[in-house]
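Q:
Protein chains: 2
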Amino acid sequence: MEKNFGSIRDVARETGLSTATISRVMNGSENVSPSTRQKVLEACEKLDYLPNPAARALSTKQSRTIAAIIPTIEHSVFAKYIAAIEKSLDARGYSLVLAISNNKPDEELISARKLLGMGAQAFVLTGAKHTSTLLDLLVRRDVPHIFTSVWNPGNIKPTIGYDNSGLAGKAVEYLASKGHRNITVLHGKTVESDRTVARVEGAKAAASDDISLHFYETDLHVAGGKAATKIALREHPENTAMLCFSDVLALGAYFGLSEAGKDVPKNVSVMGFDNLDWSTEIVPPLTTIDLPASEMGAEVATQIMDLLEKKRELYSVELSSDIIERGSVQDLN
Amino acid sequence: MEKNFGSIRDVARETGLSTATISRVMNGSENVSPSTRQKVLEACEKLDYLPNPAARALSTKQSRTIAAIIPTIEHSVFAKYIAAIEKSLDARGYSLVLAISNNKPDEELISARKLLGMGAQAFVLTGAKHTSTLLDLLVRRDVPHIFTSVWNPGNIKPTIGYDNSGLAGKAVEYLASKGHRNITVLHGKTVESDRTVARVEGAKAAASDDISLHFYETDLHVAGGKAATKIALREHPENTAMLCFSDVLALGAYFGLSEAGKDVPKNVSVMGFDNLDWSTEIVPPLTTIDLPASEMGAEVATQIMDLLEKKRELYSVELSSDIIERGSVQDLN
DNA sequence: CTGTTAGCGCATTCAG
DNA sequence: CTGAATGCGCTAACAG
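In the order they appear, the protein sequences are chains A and B. So the first sequence is numbered by my numbering: it starts at 1 and just counts up by one. So the second sequence is numbered by my numbering: it starts at 1 and just counts up by one.
#1: Of the residues that make up the segment 249 to 266 of chain A, which ones have a beta carbon closer than 7 angstroms to any beta carbon in chain B?
#2: So for M118 of chain B, helix, strand or coil by DSSP?
#3: Would G117 of chain B count as contacting chain A if we go by Cβ distances under 8 angstroms?
#4: Locate the alpha helix (DSSP H) running through N164 of chain B, then write down its first and last residues.
#5: Does any CB atom of chain B fall closer than 8 angstroms to the CB of A228 of chain A?
#6: Please return the same chain residues whose Cβ sits closer than 8 angstroms to the Cβ of K204 of chain A, not counting the five positions on each side in sequence.
#7: Could you tell me whether the Cβ of K310 of chain B comes closer than 8 angstroms to any Cβ of chain A?
#8: Considering F78 of chain B, what are the terminal residues of the alpha helix (DSSP H) in which it resides?
#9: Could you tell me the alpha carbon to alpha carbon distance between A171 of chain B and V77 of chain A, rounded to whole angstroms?
#10: Nearest-angstrom Cα distance between L291 of chain B and I82 of chain B?
#11: Using a 10 Å radius around the Cβ and a threshold of 16 neighbouring Cβ atoms, would you call A20 of chain B buried or exposed?
#12: Classify Y162 of chain A: buried if its beta carbon has 16 or more other beta carbons within 10 angstroms, exposed otherwise.
#13: Spell out whether any CB of chain B is found under 8 angstroms from the CB atom of V40 of chain A.
#14: Taking the continuous beta strand (DSSP E) assigned at L213 of chain A, which residues delimit it?
#15: Per DSSP, what kind of secondary structure is A260 of chain A in: helix, strand or coil?
#16: Find the nearest neighbour of I304 of chain B within the set B:D331, B:R64, B:L58, B:E30, judged by alpha-carbon distance.
#17: Thinking C-beta only, is H75 of chain A closer than 8 angstroms to V248 of chain A?
#18: Quick check: the Cα distance between A228 of chain B and T218 of chain B, rounded to an integer number of angstroms?
#19: Compute the distance between the beta-carbons of A250 of chain A and G225 of chain A, then report whether it is under 8 angstroms.
#20: Quick one, are the C-beta atoms of S316 of chain B and T148 of chain B less than 8 angstroms apart?
#21: Could you please give the first and the last residue of the uninterrupted alpha helix (DSSP H) stretch that includes G225 of chain A?
#22: Against P71 of chain A, what residues of chain B qualify as contacts under a CB-to-CB distance less than 7 angstroms, listed in chain order?
#23: Against chain B, with Cβ distances strictly below 8 angstroms, would H187 of chain A count as a contact?
#24: Assuming S269 of chain B contacts L167 of chain B (C-beta within less than 8 angstroms), just tell me the rounded distance between them.
#25: Are Y216 of chain A and A232 of chain A closer than 8 angstroms when you measure CB to CB?
#26: Would you report the Cα separation of W278 of chain A and N27 of chain B, rounded to the nearest angstrom?
#27: Can you round the beta-carbon distance between E281 of chain B and V222 of chain A to whole angstroms, since I take them to be within the 8 angstroms contact cut?
#28: Which chain B residues are close to V97 of chain A, counting only those with a beta carbon under 8 angstroms from its beta carbon?
#29: I'd like the list of long-range same chain contacts for A43 of chain A, defined as Cβ closer than 7 angstroms, with 5 residues on each side in sequence excluded.
#30: Would you identify the three-state DSSP class for L186 of chain B, choosing helix, strand or coil?
#31: Under the three-state reduction of DSSP, which class applies to D337 of chain A: helix, strand or coil?
#32: Answer with buried or exposed for V191 of chain B, where buried requires no fewer than 16 other C-beta atoms within 10 angstroms of its C-beta.
#33: So, does the CB of A57 of chain B fall closer than 8 angstroms to a CB anywhere in chain A?
#34: Taking C-alpha atoms, which residue in B:T287, B:K230, B:G252, B:F273 lies nearest to A260 of chain B?
#35: Verify the CB distance criterion: does H221 of chain A have a CB-CB separation below 8 angstroms to chain B?
#36: Examine the Cβ distances between the segment 86 to 93 of chain A and the segment 82 to 92 of chain B and report whether three or more of them are shorter than 8 angstroms.
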């Protein structure tokens with residue numbers, strides 16, 4: 001009903017060619033003579049023609065759109081990761097549509113429906129734990145989906161990410177190697193994140209008899225980290241280190257410690273998880289775990305496009321992460 | 001060519017009705033008897049039917065998709081703002097597609113083309129300064145667009161946002177009222193942002209004869225703020241306050257000051273811009289300017305949808321912001 | 001290498 | 001209140 005912008009037919013008319021030929025050059029088909037291609041391109045330019053994506057999608061049954069649902073946009077880990085996905089998709093002519101779940105299964109489901117309604121051909125989900133309603137929906141509609149931010153070989157469906165449990169274990173071992181025996185562990189809500197659950201379990205598994213861990217669950221925000229720090233300080237003044245399963249929590253810990261007059265790392269050591277950009281700037285610089293956000297995004301995007309185009313099956317990939325030693329952990333030895 | 005998921009025809013067949021009726025039900029038309037509506041809804045449920053967005057868009061020439069281009073996703077001001085836009089759009093059945101420009105005009109243009117290629121019906125642009133190529137493109141294709149994060153009554157096209165210049169001026173006046181006469185001003189690249197330019201100008205305009213401002217341009221990151229702080233400290237040790245045109249820069253300033261052994265606010269006062277979530281947690285809590293990110297998002301979304309549906313013209317709106325007094329500015333009086 | 005012909009799935013006249 | 005018919009803009013065989 002609205003104004004009509006140049007359709008493929010206008011270009012056809014302008015060039016005296018058929019719509020099929022226009023379509024061919026628009027899609028980079030080989031079977032077009034250089035001269036006609038040239039002519040078509042010029043006409044497109046002149047008419048300011050842009051193919052109608054809806055018509056194209058309708059005809060090909062390919063929206064070239066893939067969906068990602070992340071818990072939050074506020075942490076730059078996700079920002080980096082999403083940027084990487086988008087970049088890879090873009091390079092091959094796909095688009096990313098994003099939704100935020102706020103860690104709520106029902107919001108995730110609603111977003112998924114919406115994304116499906118936008119024509120998403122595949123889904124990138126964060127974590128491996130999702131409602132069966134969502135998973136069933138995707139299966140029923142035959143929409144490929146992959147789990148990220150986790151690498152879990154035991155999972156039935158492919159996971160692309162890192163070994164949260166193992167990394168948390170490594171972190172505990174690292175602190176232990178520095179002589180810390182009493183450690184406060186700050187983490188987000190376990191009900192909200194299977195990655196948090198894995199980290200907590202990994203930490204527990206790594207704790208030997210002579211080291212005691214004290215877990216504090218809080219909101220995954222700076223405020224949460226700060227509040228939990230104060231409680232931990234009161235309840236376990238003997239703890240010499242704080243392991244934070246997110247840099248954001250670590251930032252809150254720094255603030256809480258500062259307010260309590262504790263020096264990092266002299267009085268209390270702090271270790272993070274994520275390697276956010278400010279972690280190298282904070283005083284003292286934060287020892288943390290560098291998560292391979294960009295690599296993860298690239299891998300995910302590539303696998304999905306290969307699946308869509310070449311029917312190559314999705315498969316699990318473990319990305320490696322490392323502890324970045326900086327100045328926030330004191331060596332007690 | 002791919003598998004076919006339930007089309008409107010399947011529902012029609014299942015219910016023994018015509019596709020027109022199914023369509024009516026799906027679009028909430030009044031002219032359907034309750035019983036048929038019920039029957040159709042059940043069939044949709046049973047067949048797991050979801051209207052094909054491409055077909056719908058092709059037929060109506062309405063993608064119900066609107067685009068927003070923001071400079072970065074890494075600052076939660078934008079996250080809040082985008083969340084608000086999305087929420088409002090969602091409530092009326094529209095979708096948001098997002099692109100990041102990284103403050104680069106050419107990336108913005110590329111994104112815009114892509115978004116157009118995805119069928120975006122309207123654009124939300126950040127700031128009022130954009131390449132004429134982009135603006136021409138939008139005008140030529142008759143795509144409505146609005147500028148945000150700025151309120152500039154002198155602008156030819158509508159702007160929805162706050163008075164960057166005025167707010168910066170207020171900030172300077174505020175610091176002056178607290179007795180600060182020598183002030184370091186930290187800001188991002190002026191070439192990248194007209195909002196930064198406006199803030200710088202506003203600050204200059206507000207500076208009376210007896211107060212001197214020293215401007216430092218840096219990267220809009222924590223690291224940039226920290227680095228600039230160190231330079232400023234060296235070049236203007238007499239300055240008693242730092243006005244940061246972004247909380248992120250203020251965070252860097254805290255770190256830089258801390259490393260230099262300066263206490264906030266005892267030795268140096270710090271004032272921010274944005275009111276990010278951690279600004280209340282940091283020690284001392286940051287005095288900053290609360291930008292109306294959510295209100296802005298809601299306003300933008302509403303105006304655009306009203307334009308699309310009711311042809312109501314876009315118009316400029318100034319959103320008010322306030323200085324939030326916390327503990328990072330010392331009263332020298 | 002290029003044109004012809006059919007739909008893709010839906011919304012929308014216009015009848016009834 | 002409901003159905004039949006038409007076309008949105010494009011791609012994909014199929015001819016030639």
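Don't be surprised by glycine CBs; every beta carbon is placed ideally from N, CA and C. From a predicted model like this one, the values you see are computed outputs, not experimental measurements.
A: Reading off the structure:
#1: Under the 7 angstroms Cβ criterion, the segment 249 to 266 of chain A contributes L251, G252, F255, S258, E259.
#2: Here the question's residue 118 of chain B lines up with position 118 in the second sequence. Residue state, collapsed to three classes: coil.
#3: On the second sequence, position 117 is the one that residue 117 of chain B refers to. Flagged as an interface residue toward chain A: G117 of chain B, by a C-beta distance shorter than 8 angstroms.
#4: The count along the second sequence starts at 1 and reaches residue 164 of chain B at position 164. Taken as a continuous stretch (DSSP letters only), the alpha helix (DSSP H) holding N164 of chain B covers 164 to 177.
#5: Mapped onto the first sequence, residue 228 of chain A falls at position 228. No, A228 of chain A does not count as interfacial toward chain B.
#6: Here residue 204 of chain A is taken as the residue at index 204 of the first sequence, counted from 1. The residues are L213.
#7: Along the second sequence, read from residue 1 onward, the residue named residue 310 of chain B stands at position 310. The beta carbon of K310 of chain B does not come within 8 angstroms of any beta carbon belonging to chain A, so the residue lies off that interface.
#8: The residue given as residue 78 of chain B occupies position 78 in the second sequence. Following the DSSP letters along the chain, one finds F78 of chain B inside the alpha helix (DSSP H) bounded by residues 76 to 91.
#9: As a first step, residue 171 of chain B must be located in the second sequence, where it is residue number 171. As a first step, residue 77 of chain A must be located in the first sequence, where it is residue number 77. Rounded to the nearest angstrom, the two C-alpha atoms are 32 angstroms apart.
#10: Locating residue 291 of chain B in the second sequence gives position 291, where the first residue counts as 1. Locating residue 82 of chain B in the second sequence gives position 82, where the first residue counts as 1. Approximately 14 angstroms between the Cα atoms of the pair.
#11: In the second sequence, the residue the question calls residue 20 of chain B occupies position 20. So A20 of chain B ends up on the exposed side.
#12: Translated into positions along the first sequence, residue 162 of chain A becomes position 162. Label assigned to Y162 of chain A: buried.
#13: The sequence position of residue 40 of chain A within the first sequence is 40, counting from 1. Cβ-Cβ to chain B under 8 angstroms: no for V40 of chain A.
#14: As a position in the first sequence, residue 213 of chain A is number 213, starting the count at 1. Under the DSSP assignment, L213 of chain A falls in the beta strand (DSSP E) whose first and last residues are 212 to 217.
#15: Here residue 260 of chain A refers to the residue found at position 260 of the first sequence. DSSP places A260 of chain A in coil when its eight states are reduced to three.
#16: Within the second sequence, the letter at position 304 stands for residue 304 of chain B. Among B:D331, B:R64, B:L58, B:E30, the Cα nearest to that of I304 of chain B is on B:R64.
#17: As a working mapping, residue 248 of chain A is identified with position 248 in the first sequence. As a working mapping, residue 75 of chain A is identified with position 75 in the first sequence. When the beta-carbon positions are compared, V248 of chain A and H75 of chain A come within less than 8 angstroms of each other.
#18: Here residue 228 of chain B is taken as the residue at index 228 of the second sequence, counted from 1. Here residue 218 of chain B is taken as the residue at index 218 of the second sequence, counted from 1. Their Cα atoms are separated by approximately 6 angstroms.
#19: For the purposes of this step, residue 250 of chain A is taken as the residue at position 250 of the first sequence. For the purposes of this step, residue 225 of chain A is taken as the residue at position 225 of the first sequence. Yes, the pair counts as a contact, with Cβ atoms nearer than the cut-off.
#20: Taking the second sequence and counting its residues from 1, the one referred to as residue 316 of chain B is at position 316. Taking the second sequence and counting its residues from 1, the one referred to as residue 148 of chain B is at position 148. Taking C-beta atoms as the reference points, S316 of chain B and T148 of chain B fail to come closer than 8 angstroms.
#21: Stepping through the first sequence from its first residue, residue 225 of chain A is reached at position 225. Counting along the chain, G225 of chain A sits inside the alpha helix (DSSP H) bounded by residues 222 to 235.
#22: Residue 71 of chain A sits at position 71 when you count from the first residue of the first sequence. The contacting residues do not exist; P71 of chain A stays about 12 angstroms from chain B at best.
#23: If you number the first sequence from 1, residue 187 of chain A lands on position 187. Taking 8 angstroms as the threshold, the shortest C-beta distance from H187 of chain A to chain B does not fall below it.
#24: The residue given as residue 269 of chain B occupies position 269 in the second sequence. The residue given as residue 167 of chain B occupies position 167 in the second sequence. About 18 angstroms separates the beta carbons of S269 of chain B and L167 of chain B, which is beyond the 8 angstroms limit, so they are not a contact pair.
#25: To locate residue 216 of chain A, count along the first sequence from 1; it is residue 216. To locate residue 232 of chain A, count along the first sequence from 1; it is residue 232. Contact: yes.
#26: In the first sequence, residue 278 of chain A corresponds to position 278, counting from 1. In the second sequence, residue 27 of chain B corresponds to position 27, counting from 1. Cα to Cα, the separation comes out at about 49 angstroms.
#27: Along the second sequence, one-based indexing puts residue 281 of chain B at 281. Along the first sequence, one-based indexing puts residue 222 of chain A at 222. In this structure E281 of chain B touches V222 of chain A by the C-beta definition: roughly 5 angstroms separates them, less than 8 angstroms.
#28: As a working note, residue 97 of chain A is residue 97 in the first sequence. Counting only Cβ-Cβ distances below 8 angstroms, V97 of chain A has contacts in chain B at S95, V97, in chain order.
#29: Walking along the first sequence from the start, residue 43 of chain A turns up at place 43. Only V11, E14, T15 meet the Cβ criterion.
#30: For this step, residue 186 of chain B is matched to residue 186 along the second sequence. Strand at L186 of chain B.
#31: Absent from the structure is residue 337 of chain A, since the part of chain A shown begins at 1 and ends at 333.
#32: Numbered from its first residue, the second sequence carries residue 191 of chain B at position 191. Residue burial is scored here from C-beta neighbours: V191 of chain B has fewer than 16 other C-beta atoms within 10 angstroms and is therefore classed as exposed.
#33: Walking along the second sequence from the start, residue 57 of chain B turns up at place 57. So, interface residue.
#34: Position 260 of the second sequence, counted from the first residue, corresponds to residue 260 of chain B. Nearest option by C-alpha distance: B:K230.
#35: The count along the first sequence starts at 1 and reaches residue 221 of chain A at position 221. Judged by the 8 angstroms Cβ criterion, H221 of chain A is in contact with chain B.
#36: Result no; under three Cβ-Cβ pairs closer than 8 angstroms.
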